[in-house]
Each structure stands twice: as structure tokens, then as C-alpha cells.
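Q: Pasting a structure below so you can have a look.
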Amino acid sequence: MTGGIAAYKACEVVRRLREAGLRVTVAPTAAALQFVGEPTWAALSGEPVLASLWQDPHDVSHVQVAADLSVAVVAPATAHTIARMASGLADDGLTGTLLAATCPVIVAPAMHTQMWEHPATRDNVARLARRGVQFIGPQTGRLTGADSGVGRLAEPEQIVAAVLAAVRPRDLIGRRVLVTAGGTREPIDDVRFIGNHSSGRQGAACAEVARRRGAEVVLIAANLADPPPPGIAVVDVRTAADLARAVADHAQDCDAVIMAAAVADFRPRTIASGKLSKSSGSPPVELVPTEDVLAALGRSRTEQRRRADAVPPAGSGQVARATYLVGFAAESQPEPAALIARARAKLLSKGVDLIVANDISGGVVFGAERNHVWLVDASGAVEVTLRSKSLVAEAIWDKVAQSMNGGSPQPSEAV
Ligand code: CTP
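Offset between the sequence shown (1-based) and the working numbering: plus 445.
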């Protein structure tokens, strides 16, 4: 912890990390202690607080703590401490520990916009990023006073998600996975289309979590609201037909396919050339069905299983008989029993292994940072309560990895 007003939010981070079963040692700078006192950190973490290099000089606590760490997280990180980290300074318990640590380091900056945008801070952040430090935020929003801008600490939940992701087992190493994300757009004329509100954030989170857990990932991206996560092969598509072709090209040798994309069920039969003019009156737009990509994968897999030893030819749009298939079901259905029943019907009708179902009737899911879903498979339904889309993606991959790795849950890494 470093000395920023956002230190109070770090209390929540510590509490949630402990709830997630991690052991936490807090190393506050002297400035951090001006905001939140040592007794609070000690009570929240349940561990001795590493406040100085001098409190236990014989034990060289910072070196011992550093050797034990699975991950180090600096939240909030001031411009001053980011500068000290970039320069390798080690003049207090926090920076001494960070310099001795070999674990992944996550930094959640919090400062005024001018300090974040200063060339010195930009340089320091770039240097740390080159060394593999992962940055979470800062976000844009209300700062300490009445001012607002970029520099606000990431939400505790995002920080916790990043920490959990860093300590999770890399149980997808050697796996090849395909994820579709976003919403397709079906052109009416050269400027207009029929689309949907999907931002692609849940699918992108599935792709990013799979990469972090060691998988080789192909992301088929349909009109994403945000840039795709780094380190992933991305195939950009626009329409349902583009998406179907891209899936056919990439699904065949995948261990798992997650169809998070909101694919149009219908497209205009013809695309008017140029721009339809209202002077010509209201245009009749005839809609025809698109291919149900997920159902086609389900059918292809059933066929592979029926013809046990057949290997599908490359680029055939078929999947191997062991490929794990995940579909999404966005339903206007606030009643859990009815939502689960709809998801179970889709599980059977599309011939897939898992349906991730969510209720969209409140109108808050599309574009949101968080999601509340049910994971429905042949064995039943599990609720994943409201949390970041990244943590929802972790829960989905827990389920997929458990099934691909022989049915038993992977033991979590001790922290
Ligand atoms: N899906 C697909 N191809 C389509 C439509 C949907 O692959 N043409 C996939 C989606 O990616 C999602 C799943 O099917 O994983 C469920 O989509 P959804 O629209 O909820 O279901 P539909 O089959 O379209 O049923 P309905 O619209 O009647 O609810």
C-alpha cells in the first residue's frame, strides 16, 4: 500500500483476498500509514504488518516475505512509488520486498491526472511494463476532490480478479481453445446494419483468462467495443456468415470452443447498394435465418462420435469428438428456475456440454463490467453470483478444465 486517499479501498482488497482463501501480508509505506493505520492492516490481514526495514533487522523480513510470495500487488500505487520501483530503489519495507521478489507483480495506480500523464510517470510505467509488471487501471472518474479524470484506482474487484488470475493453476497449458465474442452486424445497405448491444467483454474475458491459464487462444471478434486482449490471435469478423466461416476454419483441432458471441439469428435477404434514401419510402427488409453455428458444431461432434475413428478434414467446419462446447443463453427471464429450464433446453437442442445463462431483463448486462450467470450442464446448475466478467470467465474455465482434465477439480495453488 502506498500513500493515496484510495488506501481505504485497499482495505476491501485485503478483505476479499482473504475471503478467497489467500494469505496476505500488508507492506504499507510511511505515507500509506497516514491514511490507514497499522492496526487496521493487521486486523484485516491477520498477519504482521511489514511497515519498515528496521522492525526486525535480524530476520531480514522483507527478503523472507519476498521469497514466500506467489504474487505482489501494489494498490494504490502512487507516482512516487512507481518511480521508486522503476529505478530499483529499496528504502522501505514495501520497495525492499518488491526488489527482492521474483513473483508476478501487479500495480494499480492512483493519482491525479496530471501526475499520471507526466512524461516521467509515462516513462516509469513503460519501463515497469517492459519488465513484465501488470498494470490494472487507472480508471477515469472522480478523483480526491471535486475534480475528475484518469487516475482513479481500479475497483477492488478488478484488482482481486487480477491477483486471483495470477495465482490460479495454469491448467490449460497445451490446450488450444476457440472463443467467439461480440455481436454480429447484418448489413441492410452500405451504411446501415441490424446489430445488437453485445460489447464482447464477457467473451474477451474468456479469451484472456484462457491465455493466462496457459491455453493457445484464437479469438473470433465481432465488432468488439474494446481493443482485444493482448497475446491472443484475433480474427475480425462482421457478419454471422463471416463468423460461421471463421469458426469452420479454426474449430477443428480445438479442445474447447466457447461461443460467447451474440450471433444474429436473421439477416436481410438482400443488401441494397449505396444508401437507401427515405425519399423512396419505407424499404421492405425481408429477413432470412442465419446458420446456427453452435448447433452445427454440436451436430458435427455427435456425428464424429457416431463414426468413432473418423478424423474431420482440416477447415471442414467440424470439431473433434472430444471438443468441449460451451454456449451462452441471454434470456429475458428473471426467475432462476425458468432461466435454468431455458438453458437446459438449449443444452439439449444444440448438443453442447455447458450453457452459460444470464437474465438480461434488467437491461444492465450488455456493456457492463460485471455479470451474474448460471452454469448449466448435464449434472445440474451452479450459480455464479454478480462479479467481474473476468471472474465469471474464471468460473467458466474452472468448469471446462475440470471436465477436460478428467472430472476432478484441480487443486488451487497454496499462497
Ligand atoms: N448462436 C450461434 N449461431 C446463431 C445464433 C446463436 O452459434 N446463429 C449461439 C450463440 O453464440 C450462443 C447460443 O447460440 O452461444 C445461444 O444463442 P441464443 O441467441 O440465446 O439462442 P438461440 O438459439 O438464438 O435461441 P432464441 O433466440 O430462440 O433464444
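All C-beta atoms, glycine included, are put in the ideal place defined by N, C-alpha and C.
Starting from the Cα of ASN850, find the closest Cα among THR625, TYR769 and ALA496 and give me that residue.
A: Comparing Cα positions, the closest option is TYR769.
Q: For GLY825, tell me which candidate among ASN816, ILE805 and ARG787 has the shortest Cα-Cα distance.
A: Of ASN816, ILE805 and ARG787, the residue nearest in Cα terms is ARG787.
Q: Taking 7 Å as the cut-off, is the C-beta of GLY772 nearer than that to any heavy atom in the ligand CTP?
A: Indeed, a heavy atom of the ligand CTP lies less than 7 Å from the Cβ.
Q: Just to confirm the assignment, what range does the alpha helix (DSSP H) spanning GLU839 have?
A: It spans 834–849 - the alpha helix (DSSP H) in which GLU839 sits, taken as one unbroken run.
Q: Can you tell me where the beta strand (DSSP E) holding MET530 begins and where it ends?
A: It is not in any beta strand (DSSP E) - MET530 instead sits in the alpha helix (DSSP H) that spans 524–532.
Q: What does the Cβ neighbour count give for ALA531, buried or exposed, with the cut at 16 atoms within 10 Å?
A: Answer is buried; the Cβ neighbour count reaches 16.
Q: Am I right that ALA678 and ALA626 are in contact with their C-beta atoms under 8 Å? What's the rounded C-beta distance?
A: In fact, because the Cβ distance is near 13 Å, the residues do not count as touching under 8 Å.
Q: Per the contact definition of three or more C-beta pairs closer than 8 Å, is the stretch 615–622 in contact with the stretch 692–707?
A: Verdict: yes, contact present.
Q: Hey, would you say the C-beta of ASP687 is under 7 Å away from at least one heavy atom of the ligand CTP?
A: Checking the Cβ of ASP687 against the ligand CTP gives no.
Q: State yes or no: is the C-beta of CYS548 within less than 8 Å of the C-beta of SER515?
A: Cβ distance < 8 Å, so CYS548 and SER515 count as in contact.
Q: Where does ARG657 land, buried or exposed, given buried means 16+ other C-beta within 10 angstroms?
A: Flag for ARG657 reads buried.
Q: Leaving aside the five residues before and after ASP687 along the sequence, list all residues of the same chain whose C-beta is less than 6 Å from its C-beta, in chain order.
A: Contacts found: none.
Q: Is any heavy atom of the ligand CTP found at a distance shorter than 7 Å from the C-beta of ALA775?
A: Under cutoff, so the answer is yes.
Q: Taking the continuous alpha helix (DSSP H) assigned at HIS507, which residues delimit it?
A: Looking at the DSSP string, the run of the alpha helix (DSSP H) that includes HIS507 is 506–513.
Q: Could you give the C-beta distance for VAL458 and PRO601, rounded to a whole number, given that I count them as a contact under 8 Å?
A: Indeed, because the Cβ distance is near 5 Å, the residues count as touching under 8 Å.
Q: Taking 8 Å as the cut-off, decide whether the C-beta atoms of ILE551 and VAL518 are in contact.
A: Contact: yes.
Q: Would ALA696 pass as a contact of LEU742 if the rule is Cβ separation under 8 Å?
A: Contact flag set, yes.
Q: Check the Cβ-Cβ distances between VAL578 and every residue of chain C, and say whether any is below 8 Å.
A: The question asks about chain C, but that chain is absent: this structure has only one protein chain.
Q: Taking Cβ to Cβ, would you say ILE581 is nearer than 8 Å to ILE618?
A: No, the pair does not count as a contact, with Cβ atoms beyond the cut-off.
Q: Return the Cβ separation of GLY448 and THR523 in integer angstroms, given the expectation that the two are a contact with Cβ distance under 8 Å.
A: With a Cβ gap of about 6 Å, GLY448 and THR523 count as contacting.
Q: Apart from the five residues on each side of it in sequence, which residues of its chain come closer than 7 Å, Cβ to Cβ, to THR585?
A: GLY594, VAL595 and ARG597.
Q: Would DSSP call ILE604 helix, strand or coil?
A: Note: ILE604 maps to helix in three-state DSSP.
Q: Out of GLY659, TYR453 and THR684, point me to the one whose CA is closest to LEU669's CA.
A: The candidate whose alpha carbon is nearest that of LEU669 is THR684.
Q: Whether or not the stretch 787–796 and the stretch 829–840 are in contact is what I'm after, with contact meaning three or more pairs of Cβ atoms, one per stretch, closer than 8 Å; do they touch?
A: The stretch 829–840 vs the stretch 787–796: no contact.
Q: Nearest-angstrom Cα distance between ALA717 and ASP737?
A: Between ALA717 and ASP737, the C-alpha separation is close to 24 Å.
Q: Do ALA709 and ILE800 have their C-beta atoms closer together than 8 Å?
A: Cβ atoms of ALA709 and ILE800: not closer than 8 Å.
Q: Quick test of the definition: if touching needs 3 or more C-beta pairs under 8 Å, does the stretch 536–544 touch the stretch 560–576?
A: The answer is no - the stretch 560–576 does not touch the stretch 536–544, with fewer than three Cβ pairs under 8 Å.
Q: Apart from the five residues on each side of it in sequence, which residues of its chain come closer than 6 Å, Cβ to Cβ, to VAL662?
A: Cβ within range, chain order: VAL622, ALA652, ALA655, ARG656 and ILE677.
Q: Using only CA atoms, which one of ALA753, LEU467 and SER497 lies nearest to SER490?
A: Out of ALA753, LEU467 and SER497, LEU467 has the C-alpha closest to the C-alpha of SER490.
Q: Tell me which residue opens and which closes the alpha helix (DSSP H) that THR540 is part of.
A: 538–545 is the extent of the alpha helix (DSSP H) around THR540.
Q: In chain order, what residues of the same chain lie with their CB nearer than 7 Å to the CB of ALA784, ignoring the 5 residues before and after it?
A: The displayed chain sequence assigns Leu, not Ala, to residue 784. Same-chain partners within the cutoff: GLU776, GLN778, ALA802, ASP804 and TRP819.
Q: Which one of GLU464, ALA707 and GLY533 has the shortest CA to CA distance from THR735?
A: Ranking GLU464, ALA707 and GLY533 by Cα distance to THR735 puts ALA707 first.
Q: Count the other CB atoms, across all protein chains shown, that sit within 10 Å of the CB of PRO854; report buried if there are 16 or more and exposed otherwise.
A: Per-residue confidence for PRO854 stands at a pLDDT of 49, beneath the threshold of 50, marking its modelled position as unreliable; the derived number appears in the next sentence. Under this definition PRO854 is an exposed residue.
Q: Verify the contact flag: ASP710, CB atom, against every heavy atom of the ligand CTP, threshold strictly below 7 Å.
A: At least one heavy atom of the ligand CTP is nearer than 7 Å to the Cβ of ASP710, so yes.
Q: With a Cβ-Cβ cutoff of 8 Å, do GLY762 and SER745 count as a contact?
A: Yes; because the gap between Cβ atoms is below 8 Å, this pair is in contact.
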